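A short write-up of the structure that comes next.
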Amino acid sequence: MQSLEKIEWEKIFSFIVKTGQIMDINKYSYYFIKELNKLIPFYAANFFLYENGNKELKEPICFNISSSALKNYYDYYYKLDDIRKRAFDKPEPIRSTDLMNYKKWINTEYFNDFLQENNLFYSCGIDIHFKDRLLGTISIFRQKKEGNFELKDLMYLKLISQHSANHLYKLFVIHKLKRENEINKEKLIKKSGNQYNLTDREKQVLKLIIQGMSNQEIAAELFISINTVKKHISHLFNKCKVSSRIELIPMVYNI
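In structure tokens, the structure reads:
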């Protein structure tokens, strides 16, 4: 495979630095695609994230692929997707032209009624793995008039996927810990609510206090006045036998 020039390495390093600064897994796919388009020009793209094996974390982030096209894929066309059948969960990048016989493939139902219908003539993609675990799948597409992807594009995908795997795995771990923390927090609030006979509204206020919200932010979140917030907090203090937020939070966590 061909070697890269200095300016191309600089683009790759820029991509790695910018995507490495994303600390929210829910924003990662969007910014990944945005930065990738500067490195490899494309017409459309999608990015699937997988939580356990091939279980999708959420709906993919798509660029120039409509929600109706995505629905049609899930409802029917995924069964006809030969590229997915042949290349899914593989460590190497691949182009559709390396995988499929286009003379035959362009006459198939899947190509004509789905890909061509959505201006997706050429495709290229890679799966992101951390060790043996599948984390994500990136697919990028070009229209016929834009021309096929180059071997250099495969090299780009291979290099950035190796660096992205470590960062994406870290984001999955953070996401899992946050989710577990939220579950534990809900359990503690429920326990405190039962123990101190809190109303539903008082439990809502307690949850927002634990999240670090000010009285003004709580009022905006619950669509109530600041005076009403103060009354709920006063009731919380009295029921929980504390005199400040500083005492309230350790009480909930049994510290």
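Residue numbers for the sequence shown follow my numbering, beginning at 2 and rising by one. In this text, a Cβ means the ideal position worked out from N, Cα and C, and glycines have one as well. These numbers were taken from a predicted model, which means no experiment stands behind them.
Judged by DSSP secondary structure, Asn47 falls within the beta strand (DSSP E) whose first and last residues are 45 to 53. In this structure, Ile17 keeps its C-beta atom at 7 angstroms or more from the C-beta atom of Phe64. Residue pairing of Asp128 in beta bridges, as defined by DSSP: Thr138. Beta bridge pairing from DSSP links Arg96 with Cys125.
Counting along the chain, the unbroken alpha helix (DSSP H) around Ile184 starts and ends at 152 to 196. Assignment of Phe238 by DSSP, reduced to helix, strand and coil, places it in the helix class.
Ile62: member of the beta strand (DSSP E) spanning 62 to 64, first to last residue. In the three-state reduction of the DSSP assignment, Glu222 falls in the helix class. Taking the C-beta atoms as reference points, Ile129 is found nearer than 7 angstroms to Gly137. Per the coordinates, the alpha-carbon of Glu57 lies some 46 angstroms from the alpha-carbon of Asn239.
Look at Glu57 here: in three-state DSSP terms it is strand.
Spatial neighbours of Lys19 in its own chain (CB-CB distance under 8 angstroms, excluding positions within 5 residues in sequence) are listed in chain order as Tyr32, Glu36. By the beta-carbon neighbour count (other beta carbons within 10 angstroms, threshold 16), Arg246 is exposed. Leaving aside the five residues that flank Gln144 on each side, the residues in its chain whose CB is nearer than 6 angstroms to its CB run, in chain order, Tyr44, Asn120, Phe122. For the set Tyr74, Met156, His168, Asp201, the Cα lying nearest the Cα of Glu6 is the one of Met156.
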